[in-house]
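Notes follow the structure.
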Amino acid sequence: MPPTSAPTASLVEVGSAVWRKSTFSGASNGCIEHAELTSDRRAIRDTKHREFGAIVFESSAWHAFVSSINSGTLPL
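Take a look at the structure:
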């Protein structure tokens, strides 16, 4: 299967997104935040370094990633 290009999002969309911090980070800022974007995409960013931007995923890739973490099948 040929590689596909990563989805993109505008700076305005990422900047105006509603971000949620991972529940695993507790009171610290040592984790990630995620946001739902338009066109069925998700974005993640480093809580400590929001100024570095975000990585955008298709919703299906995000759900597969979260599912593999929850099931313990994510290869390390």
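Each residue of the sequence shown is one higher than the last, beginning at 1 in the UniProt record's numbering. Just so you know, even glycine gets a beta-carbon here, dropped at the ideal spot from N, CA and C. Note that the coordinates shown come from a computational prediction; the quantities given were computed from them, not determined experimentally.
In this model, F57 and T47 are separated by some 17 Å (Cα to Cα). Beta-bridge analysis with DSSP links W19 to A35. Note that the C-beta distance between R42 and H34 is below 8 Å.
Taking all protein chains in view, the Cβ of L37 is crowded by 16 or more other Cβ atoms within 10 Å, so the residue is classified as buried. Taking the Cα positions, S10 is about 19 Å away from W62.
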